[in-house]
Structure formats: C-alpha cells, structure tokens
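Take a look at the structure set out below.
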Amino acid sequence: MASLFVETLQFMCTLFWQILTAFAMWFVPATKKDVRDEIVLITGAGSGIGRLMAFRFASLGSTVVCVDINKQANEATVNEIQSKDQKAFSFTCDCSSKDDIYKIANEIKANVGDVTILINNAGIVSGKKLLDCSDALIQKTFEVNTLAHCWTTKAFLPAMLENNHGHIVSIASSAGLFGVAGLCDYCSSKFGAFGFNESLQMELAAIGKHEVHTTVVCPYFINTGMFDGAKTRFPFLLPILEPEVAVHKIMNAILTNQRILMMPRIMYILLIFKSILPQSSYILLSGFFGASSCMDDFKGRANKDD
Numbered sequence: 111m112a113s114l115f116v117e118t119l120q121f122m123c124t125l126f127w128q129i130l131t132a133f134a135m136w137f138v139p140a141t142k143k144d145v146r147d148e149i150v151l152i153t154g155a156g157s158g159i160g161r162l163m164a165f166r167f168a169s170l171g172s173t174v175v176c177v178d179i180n181k182q183a184n185e186a187t188v189n190e191i192q193s194k195d196q197k198a199f200s201f202t203c204d205c206s207s208k209d210d211i212y213k214i215a216n217e218i219k220a221n222v223g224d225v226t227i228l229i230n231n232a233g234i235v236s237g238k239k240l241l242d243c244s245d246a247l248i249q250k251t252f253e254v255n256t257l258a259h260c261w262t263t264k265a266f267l268p269a270m271l272e273n274n275h276g277h278i279v280s281i282a283s284s285a286g287l288f289g290v291a292g293l294c295d296y297c298s299s300k301f302g303a304f305g306f307n308e309s310l311q312m313e314l315a316a317i318g319k320h321e322v323h324t325t326v327v328c329p330y331f332i333n334t335g336m337f338d339g340a341k342t343r344f345p346f347l348l349p350i351l352e353p354e355v356a357v358h359k360i361m362n363a364i365l366t367n368q369r370i371l372m373m374p375r376i377m378y379i380l381l382i383f384k385s386i387l388p389q390s391s392y393i394l395l396s397g398f399f400g401a402s403s404c405m406d407d408f409k410g411r412a413n414k415d416d
C-alpha cells in the first residue's frame, strides 16, 4: 500500500509538471532541432505538401529521399533541390504495395543510408459515398493511407531504435478525428493513421526510447488540388489551408518534436466537444459545421495521390 501511495504521488507530481510545462510552451517558443545531415524520407514528394516539405528540409541541410509513384514529378522535385547544390535522391515506389516498399527501403539503406526522419505523407482520396466506392478502391485507400505507414516504419524503425535517434511523422487528417459524409473510406483510413502513430508513441515510451519521436498531423482541407470542389461553410473558422501555411506549421511541429498538430486550432476545441457532447448533439454540431455536405461538390484531381 505504501509503495502504491508513493507511486501515485510521483505520478501526480510528474503529471502536474508536464501540464505546467505544456502550458508554458504556449508562451515560450520551443527550441528547434538541427536537422543538418539528417536523412529525411518523404512519401508523396512529387507534389503538394510533400514537395514543399522536401524543399524545406533540403534548405536546412538535410539529405532528402523523395519517394513517389509518379516518377516524373518526383524527379522534378529532386532536380529542383539538386539545382541549388542541395542533397536529394529520387525513388519510385507504389505505396500501396508492401513488397515495393520493402524493396525500395533496402535500396535506400544501401545507397543513401539509414533514414532518421520518416514522413508518411502519401495519400489518396476517392471522395465517394461508401456504397458508390468499389471494394478495390477502398482497399487501395487503406493500403496507401494506413498500411504503408506500418511497412515504412517497420523498414526504418530498427535503425532508429538502435541509435535511439529518429522521428516518425504521420500526415493524417482532421478526417482522422471526425467523421465526414462522403469520406467513409478516407476517414477510416486516416483514423487508422492517427491510431497507428499514437500507439507507436506508446510503444516507444514503454521501452524508454525517448529520442525516437513521433508527430501526427491532422489538417483540415489543404488547397493542393486533392480536395478540389470540397467546400467549407465557415471559412473564417475552418479555412481551406494554403499549402505554404500548412507546411510552415508542419515543419515547426517536426523541428520542435510536437506530438500532435491540428490545423486550424479550432480543431482542438471541436475534439473536446466531440468527447463531451451527447452523440446526437455532436452529429447536430457536425452537420451545422458542414460535415454532412462539404463533399457534395467534390471533384478532386485526375491524380489523387498526395
């Protein structure tokens, strides 16, 4: 009984200190880590926020490994980086294929080195209601948006654990926190990505690997073309995010080892409402904010990979 009392006291003191520290961080800018000489792998680097993140990491002195199914777009990203005398490599990979991922992972280890920052950014969206979505498309959505995170992490995490140094980033979505009509497959795959990152964080803490960090990113719609036609009812509260703004916040989260990033900040408040409101009230609130109709005019783009 005495040992339980001591453990509880230690727990309460540590919990209070962590809450106090987290509160203080709202007012004191966190120190950004140096990523020079880090090997940063970004999936979906041929376009959108993946391309912009590749440019940002390269400008900070990282060696950037660009992975994308679109060889031409991926090489264009790498060529632009290399034209500035910065370091980048291109690898073509279908992130829906476990075998392809493991094959490319071995090539990267042999030709570039051990990845120290892994950013699972590639994603696809169908934008169709569940009954209008083919089984094959649902399966591929999960393969790219969820399962690829497992395969890439299994490929590169062992070296991070051995060195007790690394960072795994999951680009999920606000649709991984809240259900949205017309995005059944996408939402459930992004819920999976969020849960994967959170569980991985717990596993790393349990084995004391505190220098292997995780970050999960949950943005609202980003104006990359992937969600063309999707609309927001209250743009002053839930704006369509510009890619440059989103990447600035994502980079800041990674460089400060922030564990969860939601964009815009109102998402934190909405998540609290989701947790405390009766389900019927939550559904009413979601509908009021447009979760039932925001995908009605969805067009997307011909190439729906991030």
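For the sequence shown, our numbering assigns the number 111 to the initial residue and increments by one for each residue that follows.
Where a beta carbon is used, it is the ideal one built from N, C-alpha and C, also for glycine.
Note that the coordinates shown come from a computational prediction; the quantities given were computed from them, not determined experimentally.
Check: Run through DSSP, which three-state label would Asn273 get?
Finding: Translated into the one-based positions of the sequence shown, residue 273 becomes position 163. DSSP places Asn273 in helix when its eight states are reduced to three.
Check: In angstroms, rounded to a whole number, what distance separates the CA positions of Leu381 and Ser396?
Finding: Taking the first residue of the sequence shown as position 1, residue 381 is located at position 271. Taking the first residue of the sequence shown as position 1, residue 396 is located at position 286. Distance between the alpha carbons of Leu381 and Ser396: 11 Å.
Next item on the list: Answer with buried or exposed for Lys300, where buried requires no fewer than 16 other C-beta atoms within 10 angstroms of its C-beta.
Entry: Numbered from 1 along the sequence shown, position 190 holds the residue referred to as residue 300. Burial call: buried.
Item checked: For Asn367, three-class secondary structure by DSSP -> On the sequence shown, position 257 is the one that residue 367 refers to. Correct three-state label for Asn367: coil.
Margin query: Rounding to the nearest angstrom, what Cα-Cα distance links Ile214 and Cys203 in this structure?
Written below: The residue given as residue 214 occupies position 104 in the sequence shown. The residue given as residue 203 occupies position 93 in the sequence shown. Roughly 7 Å between the two C-alpha positions.
Next item on the list: Whole angstroms is fine: what's the gap from Trp261's alpha carbon to Leu267's?
Entry: Counting from 1 along the sequence shown, the entry for residue 261 is found at position 151. Counting from 1 along the sequence shown, the entry for residue 267 is found at position 157. For Trp261 and Leu267, the distance between alpha carbons rounds to 10 Å.
Next item on the list: Could you have a look at Asn230 and say whether DSSP puts it in helix, strand or coil?
Entry: For this step, residue 230 is matched to residue 120 along the sequence shown. Strand at Asn230.
Item checked: Beta bridge counterpart(s) of Cys328 as assigned by DSSP -> Position 218 of the sequence shown, counted from the first residue, corresponds to residue 328. Note: Cys328 sits in a beta bridge opposite Met372.
Margin query: Can you tell me whether Thr226 is buried or exposed? The criterion is at least 16 other CB atoms within 10 Å of its CB, across all chains shown.
Written below: Numbered from 1 along the sequence shown, position 116 holds the residue referred to as residue 226. Taking every protein chain shown into account, the CB of Thr226 has 16 or more other CB atoms within 10 angstroms, so this residue is buried.
Item checked: Beta-bridge partners of Cys203, as assigned by DSSP -> To locate residue 203, count along the sequence shown from 1; it is residue 93. DSSP output for Cys203 lists no bridge partner at all.
Notebook entry, point to check: Where does Leu351 sit, in a helix, a strand or coil, going by DSSP?
Noted result: What you label residue 351 is simply residue 241 of the sequence shown in a count that begins at 1. Leu351 falls in the strand class under three-state DSSP.
Check: Do you know how far the Cα of Ser172 is from the Cα of Cys297?
Finding: Counting from 1 along the sequence shown, the entry for residue 297 is found at position 187. Counting from 1 along the sequence shown, the entry for residue 172 is found at position 62. Taking the Cα positions, Cys297 is about 32 Å away from Ser172.
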